[in-house]
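Trainee: Have a look at the structure that comes next, please.
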Amino acid sequence: MFTLFPKDDKIYVSENLKNELVNAGISGLDDLVRATNVY
Amino acid sequence: MKYYIYEWTTNTKVVGYVSWGQLELDESKVMTSFLESMKYIDKNPNLKMSFYKRAKITDVMRCFNIGLVNNAIISERHKRLLENFNLQSCQFFEIDILNSKTNENYYVLHFYNNPFSYAIDFEKSTFFESDLVETLSEENRIFHAVIDYNDYLRQEKILKANMLSLLIDKIV
């Protein structure tokens with residue numbers, strides 16, 4: 256399963272990695288909003 | 029599978045008073061077009077960068093001279109976190125920050141290859157069309173047979189012209 260990848264001028268993260276980023280307090284990211292049309 | 033958009037923030041309280049990134053390449057003449065392409069890089073480009081005066085340090089940063097789409101500047105701790113996952117098509121290149129305000133190492137996160145082009149078994153996966161707000165209920169989904177990546181792109185292009193998109197129901 257894809258975890259982190261670029262597509263159509265954006266970078267996408269899977270939900271489990273997103274949760275890890277939030278829990279770790281990784282700074283410098285905008286709010287990680289859900290992408291409804293990834294594919 | 030739910031996905032989220034990973035995007036550098038422009039919030040000045042977080043990144044400082046900078047327009048297009050906290051960092052700039054130290055040598056503006058350095059060719060970075062190879063970073064913009066999604067090609068595998070077989071040699072560390074040994075990039076040297078500098079912080080803008082009003083920049084704040086964050087785990088994800090942007091370099092003014094390098095596009096963020098295929099590249100982001102990330103901290104050592106962010107890199108370690110990513111390495112816990114089975115990332116495909118990613119490379120890390122340590123950068124040299126000449127006026128660094130921290131002892132932490134920073135890296136260019138570079139993507140190469142589009143994983144969709146080779147990692148999906150299109151014939152065994154299932155796809156359906158959707159409008160932009162996903163109003164179709166599951167029982168009313170219209171499924172599409174897709175042979176390969178090029179077929180996926182072809183069908184997606186046709187659907188996009190009609191304000192629709194091709195979503196994956198199941199990946200194999």
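Chains as they are written, first to last, in my numbering: chain X, 256 to 294; chain Z, 29 to 200.
Yeah, the Cβ is synthetic: ideal placement off N, Cα and C, and Gly gets one too.
Step through the CB atoms of chain X and report whether any lies within less than 8 angstroms of the CB of L109(Z).
Mentor: Taking the second sequence and counting its residues from 1, the one referred to as residue 109(Z) is at position 81. Chain X, which has a Cβ nearer than 8 angstroms to the Cβ of L109(Z), makes this yes.
Trainee: Short check: CB of V200(Z) to CB of L284(X), under 8 angstroms?
Mentor: As a first step, residue 200(Z) is located in the second sequence; it is residue number 172 there, counting from the start. As a first step, residue 284(X) is located in the first sequence; it is residue number 29 there, counting from the start. No, the Cβ-Cβ distance between V200(Z) and L284(X) is not below 8 angstroms.
Trainee: Tell me which same chain residues have a C-beta within less than 6 angstroms of the C-beta of D149(Z), skipping the five on either side of it?
Mentor: Looking up residue 149(Z) in the second sequence gives position 121. V200, listed in sequence order.
Trainee: Take every Cβ of the stretch 68-79 of chain Z, pair it with every Cβ of the stretch 258-273 of chain X, and state whether three or more of those distances are shorter than 8 angstroms.
Mentor: Cβ pair count under 8 angstroms is below three, so no.
Trainee: Along the stretch 30-43 of chain Z, where does the CB come closer than 9 angstroms to a CB of chain X? Name the residues.
Mentor: From the stretch 30-43 of chain Z, only K30, Y31, Y32, I33, Y34, E35, W36, T37, T38, N39, V42 and V43 have a Cβ closer than 9 angstroms to chain X.
Trainee: Compute the Euclidean distance between the alpha carbons of L259(X) and L110(Z), then round it to the nearest angstrom.
Mentor: Here the question's residue 259(X) lines up with position 4 in the first sequence. Here the question's residue 110(Z) lines up with position 82 in the second sequence. Approximately 9 angstroms, taken between the alpha carbons.
Trainee: Between which two residues does the beta strand (DSSP E) holding A100(Z) run?
Mentor: For the purposes of this step, residue 100(Z) is taken as the residue at position 72 of the second sequence. Unbroken beta strand (DSSP E) run through A100(Z): N99 to S103.
Trainee: Check the Cβ-Cβ distances between L115(Z) and every residue of chain X, and say whether any is below 8 angstroms.
Mentor: Residue mapping note: residue 115(Z) aligns to position 87 of the second sequence, counting from 1. Taking Cβ atoms only, chain X reaches closer than 8 angstroms to L115(Z), which makes this a yes.
Trainee: Just to check my reading of the structure: N72(Z) and F121(Z) have Cβ atoms closer than 8 angstroms, yes? What is that Cβ distance to the nearest angstrom?
Mentor: Stepping through the second sequence from its first residue, residue 72(Z) is reached at position 44. Stepping through the second sequence from its first residue, residue 121(Z) is reached at position 93. So it is a contact: roughly 5 angstroms between Cβ atoms.
Trainee: V88(Z) touches chain X at which residues, Cβ-Cβ below 8 angstroms?
Mentor: For this step, residue 88(Z) is matched to residue 60 along the second sequence. Chain X residues near V88(Z): I281, S282, G283 and L284.
Trainee: Closest to Y177(Z) by C-alpha separation, out of Q119(Z), S158(Z), T154(Z) and Y34(Z), would be which residue?
Mentor: By one-based count along the second sequence, residue 177(Z) stands at place 149. Measuring from the Cα of Y177(Z), the nearest candidate turns out to be T154(Z).
Trainee: Just grab the DSSP bridge partners of P261(X) for me.
Mentor: For the purposes of this step, residue 261(X) is taken as the residue at position 6 of the first sequence. P261(X) is bridged to I266(X).
Trainee: Can you pull the chain X neighbours of C118(Z), defined as C-beta to C-beta under 8 angstroms?
Mentor: Walking along the second sequence from the start, residue 118(Z) turns up at place 90. Ordered by position in chain X, the residues that pass the 8 angstroms Cβ test against C118(Z) are L259.
Trainee: If Y140(Z) and S103(Z) are in contact, beta carbons under 8 angstroms, what's the gap, nearest whole angstrom?
Mentor: As a first step, residue 140(Z) must be located in the second sequence, where it is residue number 112. As a first step, residue 103(Z) must be located in the second sequence, where it is residue number 75. Not really, about 21 angstroms apart at Cβ, beyond 8 angstroms.
Trainee: Output the boundary residues of the beta strand (DSSP E) element that contains D285(X).
Mentor: Taking the first residue of the first sequence as 1, we reach residue 285(X) at position 30. Where D285(X) is concerned, there is no enclosing beta strand (DSSP E), given that its DSSP letter is neither H nor E.
Trainee: Return yes when the Cβ of V43(Z) is within less than 8 angstroms of the Cβ of T86(Z), no when it is not.
Mentor: Taking the first residue of the second sequence as 1, we reach residue 86(Z) at position 58. Taking the first residue of the second sequence as 1, we reach residue 43(Z) at position 15. It is a contact, given that the beta carbons lie within the stated cut-off.
Trainee: How far does the alpha helix (DSSP H) with Q119(Z) in it extend, from its first residue to its last?
Mentor: As a working note, residue 119(Z) is residue 91 in the second sequence. From DSSP, Q119(Z) is part of no alpha helix (DSSP H) but of the beta strand (DSSP E) over C118 to I125.
Trainee: Is there a Cβ from chain X that is less than 8 angstroms from the Cβ of F139(Z)?
Mentor: Taking the first residue of the second sequence as position 1, residue 139(Z) is located at position 111. Closer than 8 angstroms to some Cβ of chain X, the Cβ of F139(Z) qualifies, so yes.
Trainee: What is the DSSP secondary structure of A83(Z), reduced to helix, strand or coil?
Mentor: On the second sequence, residue 83(Z) is found 55 positions in, with the first residue counted as 1. Note: A83(Z) maps to strand in three-state DSSP.
Trainee: In chain X, what lies closer than 7 angstroms to H106(Z) by C-beta?
Mentor: The sequence position of residue 106(Z) within the second sequence is 78, counting from 1. Ordered by position in chain X, the residues that pass the 7 angstroms Cβ test against H106(Z) are I281.
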